[in-house]
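Student:
In the numbering used here, the protein residues as written are 25 to 348.
1. Flag this pair as touching only if the segment 117 to 124 and the segment 89 to 97 have three or more C-beta atom pairs under 8 Å; answer yes or no.
2. Taking a contact to mean a Cβ-Cβ separation below 9 Å, would you say residue 196 touches residue 166 in this structure?
3. In this structure, how does DSSP classify residue 252 when only helix, strand and coil are distinguished?
4. Assuming the contact rule is C-beta atoms closer than 8 Å, residue 259 and residue 36 should be a hit. Round their C-beta distance to whole Å, please.
5. Ignore the nearest five residues each way along the sequence and tell me which others in residue 328's own chain have a CB closer than 7 Å to its CB.
6. Thinking C-alpha only, which one of 249, 223, 220, 338 is nearest residue 233?
7. Between which two residues does the alpha helix (DSSP H) carrying residue 144 extend?
8. Restricting to runs no shorter than 3 residues, where is the beta strand (DSSP E) found entirely within the segment 49 to 100?
9. Based on Cα-Cα distance, which residue from 337, 314, 325, 331 lies nearest to residue 54?
10. Any idea if residue 209 is buried or exposed, counting beta-carbon neighbours within 10 angstroms, 16 or more meaning buried?
11. Compute the Euclidean distance between the alpha carbons of residue 111 and residue 105, then round it to the nearest angstrom.
12. Straight-line CA distance for residue 256 to residue 226?
13. Determine whether the beta carbon atoms of residue 134 and residue 199 lie at a separation below 9 Å.
14. Find out if the Cβ-Cβ distance for the pair residue 265, residue 80 is shorter than 9 Å.
15. Compare the C-alpha of residue 297 against each of 282, 51, 98 and name the closest.
16. For a quick check, are the C-beta atoms of residue 148 and residue 163 less than 9 Å apart?
17. State the Cα-Cα distance for the pair residue 44 and residue 310, rounded to the nearest angstrom.
18. Locate the alpha helix (DSSP H) running through residue 206, then write down its first and last residues.
19. Can you list, in chain order, the residues of its chain with a C-beta nearer than 6 Å to that of residue 188? Leave out the 5 residues immediately preceding and following it.
20. Hey, could you find the ends of the alpha helix (DSSP H) residue 238 is sitting in?
21. Please state if the CB of residue 141 and the CB of residue 59 are separated by a distance shorter than 9 Å.
22. Return the residue from the list 318, 95, 206, 83 that minimises the CA-CA distance to residue 67.
23. Please go through the same chain and pick out, in chain order, the residues whose beta-carbon is closer than 8 Å to the beta-carbon of residue 118, but skip the five residues on each side of it.
24. Which one of 334, 238, 56, 341 has the shortest CA to CA distance from residue 27?
25. In chain order, what residues of the same chain lie with their CB nearer than 7 Å to the CB of residue 223, ignoring the 5 residues before and after it?
26. Have a look at 239, 271, 74, 330 and flag the residue whose alpha-carbon is nearest the alpha-carbon of residue 42.
27. Could you check how far apart the C-beta atoms of residue 127 and residue 294 are, in whole angstroms? I think they sit under 8 Å.
28. Going by Cα to Cα distance, which pick from 216, 52, 73, 39 is closest to residue 231?
29. Please confirm whether residue 317 and residue 31 have their CB atoms less than 9 Å apart.
30. May I have the straight-line CA-CA distance separating residue 143 from residue 114, to the nearest angstrom?
31. Got a sec, what are the start and stop residues for the alpha helix (DSSP H) residue 39 sits in?
32. Only counting the same chain, and skipping five residues up and downstream in sequence, which positions put a Cβ closer than 8 Å to that of residue 279?
33. How many Å lie between residue 69 and residue 339 at the Cα?
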């Protein structure tokens with residue numbers, strides 16, 4: 025779904041009053057829950073395990089190295105210019121570009137932050153009452169106040185709402201991180217699929233309609249609707265998480281293979297999209313986003329799959345026991 029977001033992000037250059045903007049917005053709004061689901065799944069995995077401080081620091085170092093490596097790949101053209109015209113000032117500018125122009129790599133920094141804070145978050149989830157208090161408090165402050173700010177002038181006058189939500193990104197990440205653990209720990213949810221699907225469709229409809237109508241009203245993209253701390257996005261994320269947990273919790277060879285490549289696909293799809301202008305198949309507006317997203321996903325998957333195979337082959341030859 026993250027791939028769909030980046031393919032459909034061309035809406036920022038579209039005429040807001042056009043039907044094309046409306047169609048692309050629907051796909052973009054449908055995929056806005058992808059990041060919350062990332063955090064929920066990560067929280068489900070991380071918070072149920074016991075990591076030593078050294079293990080956490082090593083994981084953070086690994087993610088930071090990946091952050092730097094893909095920063096270099098993403099800014100490859102600037103690296104070529106640096107090599108051609110090397111001086112201290114250009115080197116400083118290149119380092120600043122890697123560290124500040126994070127684009128999609130911000131997710132790696134967010135994961136690093138959550139790993140560093142995971143011992144504290146784990147202390148929260150160990151106590152059921154504290155866990156519920158944490159989720160309820162975060163929901164009220166980050167979601168209800170945020171929605172109130174977006175839909176009502178009265179909401180913008182609430183000092184505590186304004187003061188907390190202006191710099192709330194990490195709080196939102198940690199909320200979904202802990203929420204994923206909470207929902208994952210429940211053995212089963214006695215909520216019928218049709219109720220979950222109805223809730224999802226209702227939330228999605230509210231999000232899409234409000235986004236399109238208000239964007240046209242202000243003649244600018246209504247970015248607040250695409251924030252992850254909206255109730256619509258939360259309902260879509262929870263519904264999707266529970267549906268998959270209750271109905272698709274038995275892994276098979278295909279899902280295991282895809283899941284093993286997911287992180288790599290996330291890392292490579294943006295550089296591919298940026299440096300190779302092949303994902304621009306001209307088709308009907310309704311097919312443009314799904315077709316180009318599928319093409320980008322398949323190419324990214326194949327690159328990651330082949331790379332993993334080559335790495336495994338290299339490991340085999342390096343650590344192959346010598347015949348006596």
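Glycine residues also receive a C-beta, built at the ideal position from the N, C-alpha and C atoms.
Tutor: Well, looking at it:
1. Look at the beta carbons and you see the segment 117 to 124 touching the segment 89 to 97: at least three pairs across the two are nearer than 8 Å.
2. A contact, by the Cβ cut-off of 9 Å.
3. Residue state, collapsed to three classes: coil.
4. Taking the Cβ atoms as the reference, residue 259 lies roughly 26 Å from residue 36, outside the contact range of under 8 Å.
5. For residue 328, the CB contacts under 7 Å within the same chain, skipping 5 residues up- and downstream, are 285, 288, 289, 292 in chain order.
6. The residue among 249, 223, 220, 338 with its C-alpha nearest the C-alpha of residue 233 is 249.
7. It spans 130 to 150 - the alpha helix (DSSP H) in which residue 144 sits, taken as one unbroken run.
8. Look at the segment 49 to 100 and you find no whole run of beta strand (DSSP E) that is 3 residues long or longer.
9. When each option's Cα is compared against that of residue 54, the closest is 314.
10. Residue 209 should be labelled exposed.
11. So the alpha carbons of these two residues sit roughly 11 Å apart.
12. Spanning the two alpha carbons is a distance of roughly 8 Å.
13. The Cβ-Cβ distance between residue 134 and residue 199 does not fall below 9 Å.
14. No. Outside cutoff.
15. If we check each option's Cα against that of residue 297, 98 comes out closest.
16. Cβ atoms of residue 148 and residue 163: not closer than 9 Å.
17. Straight through space, the alpha carbons of residue 310 and residue 44 are spaced by roughly 9 Å.
18. Here the alpha helix (DSSP H) through residue 206 covers 193 to 209.
19. Note that residue 188 scores a pLDDT of 48, beneath 50, so its modelled location is shaky and nothing firm can be said.
20. First-last of the alpha helix (DSSP H) with residue 238: 217 to 242.
21. It is not a contact, given that the beta carbons lie outside the stated cut-off.
22. Nearest of 318, 95, 206, 83 to residue 67, Cα basis: 206.
23. Cβ within range, chain order: 99, 102, 103, 106.
24. Ranking 334, 238, 56, 341 by Cα distance to residue 27 puts 56 first.
25. Around residue 223: 259, 263.
26. Taking each of 239, 271, 74, 330 in turn and checking the Cα distance to residue 42, the smallest one comes out for 239.
27. Correct: roughly 7 Å between the Cβ atoms.
28. The closest CA to that of residue 231, considering only 216, 52, 73, 39, is found on 52.
29. It is a contact, given that the beta carbons lie within the stated cut-off.
30. The straight-line gap from Cα to Cα measures roughly 40 Å.
31. Careful: residue 39 lies outside any alpha helix (DSSP H) and carries neither H nor E.
32. Shown here for residue 279: same chain residues with a beta carbon closer than 8 Å to its own, the five before and five after excluded, namely 272 in chain order.
33. Rounded to whole angstroms, residue 69 to residue 339 spans 27 Å at the Cα level.
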